[in-house]
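> Got a structure for you, written out below as structure tokens; questions coming shortly.
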Amino acid sequence: MKKMLFLSLGLLLYSVSSASAENYVKPDQFKQWIETSKPVQIVDIQPSEEFEKHHFKNTIQTNAFPAKSDAEKERLDRILPVLQASKDDIVIVCPRGGGGAKNTYEHLKTKGIPESRLFILEKGIEGWPYKEMFIQGK
1 MKKMLFLSLG LLLYSVSSAS AENYVKPDQF KQWIETSKPV QIVDIQPSEE
51 FEKHHFKNTI QTNAFPAKSD AEKERLDRIL PVLQASKDDI VIVCPRGGGG
101 AKNTYEHLKT KGIPESRLFI LEKGIEGWPY KEMFIQGK
């Protein structure tokens, strides 16, 4: 009985840990990367109307949010040559840093982008505390 309990607990812990394996970058760390000009590719998946309101400088605009449909994933596929031609880290920016960012992370991973290069901006653009760093409009 104990053996079954431990086996069940072990499987549960494994499934929970593998379900949340994405890499996150905290706003303070990402701000430092921007300020020190760390080579990084910023993939913004916000819908176009939100992108117009606020985005980061040198962002790759995809409008792929929430990265579920084939059409949204195709928007990500269009930027694959740019991402694959570089060794720079990739920061995925979405409205809140949740499902859309995770979908993008998983899609890029299935297309051969190493997980070691993939990061999700924690809390997304809505949770970004340094609003003065935004660019409005295109």
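The sequence shown begins at 1 in this note's numbering and counts up one residue at a time. For glycine and all other residues, C-beta sits at the position ideal for the given N, C-alpha and C. Computed from a predicted structure; not experimentally measured.
Would you decide whether V25 is buried or exposed? Buried here means 16 or more other CB atoms lie within 10 Å of its CB.
Under this definition V25 is a buried residue.
> Are there three or more Cβ pairs, one per stretch, closer than 8 Å when the segment 121–137 is compared with the segment 104–113?
No, the segment 121–137 does not touch the segment 104–113.
> If L83 and Q41 are in contact, beta carbons under 8 Å, what's the gap, nearest whole angstrom?
The Cβ separation is near 6 Å, so the contact holds.
> Check whether the Cβ atoms of G112 and P66 sit closer than 8 Å, and answer yes or no.
In this structure, P66 does not lie closer than 8 Å to G112 by Cβ.
> Applying the criterion that 16 or more other CB atoms from any shown protein chain within 10 Å of the CB defines a buried residue, is G85 buried or exposed?
Residue identity check: residue 85 is Ala in the sequence provided, not Gly. With fewer than 16 Cβ atoms within 10 Å of its Cβ, A85 is classed as exposed.
> When the Cα atoms are used, what is the spatial distance from K87 to E126?
So the two alpha carbons sit approximately 28 Å from each other.
> Going by Cα to Cα distance, which pick from L80, V91, E132 is closest to E122?
With distances taken between Cα atoms, E122 lies closest to V91.
> According to DSSP, is G10 helix, strand or coil?
With a pLDDT of only 49 at G10, under the threshold of 50, the placement of this residue in the model should not be trusted, and no figure is reported.
> What separation, rounded to the nearest whole angstrom, lies between the Cα atoms of E74 and L80?
Cα to Cα, the separation comes out at about 10 Å.
> Consult DSSP for F56 and reduce its assignment to one of helix, strand or coil.
If DSSP states are grouped into helix, strand and coil, F56 belongs with coil.
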